[in-house]
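Just remember that this note's numbering sits 40 ahead of the position in the sequence shown, which is counted from 1.
Working notes, structure below.
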Amino acid sequence: MKKVLLPNGLNVSEVALGAMMFGSTTSKEESYRVLDTYVEMGGNFIDTSNNYAHWAGTGDESETLLGEWLRDRGCRDKIVLATKVGFDRHGKGAGLKRSQIEYWVDESLRKLGTDYIDLYYAHTDDPTTPIEETMEAFDSLVKKGKVRTLGSSNYDTWRLAEANMIAENRGWTPYTAMQQRLSYLNPKFSVAPKYVFNEVVNRERLRFLADKNMPLISYACLCKGAYEDTSRLPDEYEGGARLEFIRSMAADKGVNPSALVLAWLTNIHRCEGFPRVIPLFSASCEQLKQNLRGLDLKLTDEELKMMNSVQ
Ligand SMILES: NC(=O)c1ccc[n+]([C@@H]2O[C@H](COP(=O)([O-])OP(=O)(O)OC[C@H]3O[C@@H](n4cnc5c(N)ncnc54)[C@H](OP(=O)(O)O)[C@@H]3O)[C@@H](O)[C@H]2O)c1
């Protein structure tokens, strides 16, 4: 796997591994196997949150498991660790007030067994807290060395722009990465706006990121396995011609469709109006090995253009 030096100075592998279910529905043994395989294959960018996976347990499992794995493998300095604050945990913890950020960062550091987080995300916007309070609190974590860089997740573009303008004017650390959803399939505009406007990026948001030279960490980019098993297509995506096309092109290239989706995402910055994308997904060991074969594909400009043109 190649490394990509992001504009914020983080040197990350070209795909990120999601640890959302580690320690809860994914057993410790299987989680360790996936983590070890990912690192053996050149991966270094691991994603978790202070609330994973509270719907399947307490919300402490993923960070706790990662902390144990980092300690057992002695590899903290080789990993770019991303975690998040701001979403609900069993009806508690939602919000980006100073007190919440200060409390949860220490909890994350304790569980992860480290004294710094490489990339700390606001997991979702908190319109009830003044942006100034949130950005100043995040900046103080950077100044104290608890956090290296900041990112936003599930934000409207205008709110991200506003937060960064305020940060810039006050000399505070801005958000330098966005975690949102992008996959090869098009979002479906008939579903709840929550998905289409907050989570799944559209062309306007991609152009904004490209213009700001800000990377997109595209979460859940494999659509929960729908590229291999079309019956798993999440409601918020159109299947149709794009799904058929990617499956048939993948068959022609001798890879599984998810592998081709990763190839498209990691090359899409070569097309006008697209930012650098780091795909973020989860997988079993076997699925991981299959999917990463996509990174060896050499997509030509013509192929990218053709893939983009399918509607
Ligand atoms: N910022 C946010 O709000 C947010 C929200 C959600 C997730 N995330 C992050 O994104 C990460 C990934 O999200 P996700 O797991 O929900 O979605 P995803 O990566 O799109 O889907 C992963 C699932 O796809 C299936 N899959 C992967 N490769 C496959 C293959 N080769 N063949 C068949 N099936 C395959 C597997 O399902 P099976 O296990 O059923 O086989 C796997 O668990 C999370 O771990 C988390 O870090 C962030």
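The C-beta atom is built at its ideal place from N, Cα and C for all residues, glycine as well.
Here the structure is a predicted model, which means the values were calculated and not measured.
Return yes when the C-beta of residue i is under 7 Å from any heavy atom of ligand 1, and no when it is not.
i: residue 265; result: yes
i: residue 58; result: yes
i: residue 163; result: yes
i: residue 229; result: no
i: residue 134; result: no
i: residue 87; result: yes
i: residue 325; result: no
i: residue 261; result: yes
i: residue 285; result: no
i: residue 320; result: yes
i: residue 296; result: yes
i: residue 140; result: no
i: residue 351; result: no
i: residue 194; result: yes
i: residue 54; result: no
i: residue 172; result: no
i: residue 268; result: yes
i: residue 331; result: yes
For the alpha helix (DSSP H) that residue i lies in, which residues bound it at each end?
i: residue 58; result: No alpha helix (DSSP H) contains residue 58, which is instead part of the beta strand (DSSP E) from 56-58.
i: residue 72; result: 68-80
i: residue 175; result: 171-183
i: residue 107; result: 101-113
i: residue 158; result: Run containing residue 158: none in the alpha helix (DSSP H); it sits in the beta strand (DSSP E), 157-162.
i: residue 90; result: That residue, residue 90, is in no alpha helix (DSSP H); it is neither H nor E in DSSP.
i: residue 186; result: Unbroken run through residue 186: none, as it is neither H nor E.
Can you tell me where the beta strand (DSSP E) with residue i in it begins and where it stops?
i: residue 285; result: Here residue 285 belongs to no beta strand (DSSP E); instead the alpha helix (DSSP H) covers 280-293.
i: residue 53; result: 51-53
i: residue 43; result: 43-45
i: residue 123; result: 120-125
For residue i, which residues in the same chain have their Cβ closer than 7 Å to its Cβ, ignoring the five residues on either side in sequence?
i: residue 263; result: 223, 225, 273, 274, 277
i: residue 253; result: 47
i: residue 314; result: 246, 250, 308
i: residue 333; result: 295, 299
i: residue 130; result: 94, 99
What is the rounded straight-line gap between the Cα of residue i and the Cα of residue j?
i: residue 203; j: residue 328; result: 36 Å
i: residue 255; j: residue 163; result: 16 Å
i: residue 298; j: residue 267; result: 6 Å
i: residue 51; j: residue 123; result: 16 Å
i: residue 109; j: residue 61; result: 14 Å
i: residue 286; j: residue 146; result: 43 Å
i: residue 134; j: residue 325; result: 33 Å
i: residue 213; j: residue 125; result: 16 Å
i: residue 258; j: residue 241; result: 9 Å
i: residue 317; j: residue 244; result: 15 Å
i: residue 91; j: residue 342; result: 42 Å
i: residue 112; j: residue 173; result: 37 Å
i: residue 140; j: residue 182; result: 16 Å
i: residue 205; j: residue 159; result: 20 Å
Grab me the residues of residue i's own chain with a C-beta within less than 6 Å of its C-beta, minus the 5 sequence neighbours each way, in chain order.
i: residue 306; result: 54
i: residue 193; result: 161, 163, 219
So, for residue i: in the same chain, excluding its five sequence neighbours on each side, which residues have a beta-carbon less than 8 Å away from its beta-carbon?
i: residue 149; result: 155, 156, 157, 186
i: residue 283; result: 225, 266, 267, 270, 273
Tell me the start and end of each unbroken beta strand (DSSP E) in the stretch 293-344 that is at least 3 residues and wholly inside, in chain order.
-> 317-321
Can you check the stretch 221-272 for any alpha helix (DSSP H) of at least 4 residues that lies completely inside it and give the ranges in chain order?
-> Listed in chain order, the complete alpha helix (DSSP H) runs (minimum 4 residues) inside the stretch 221-272 are 243-252.
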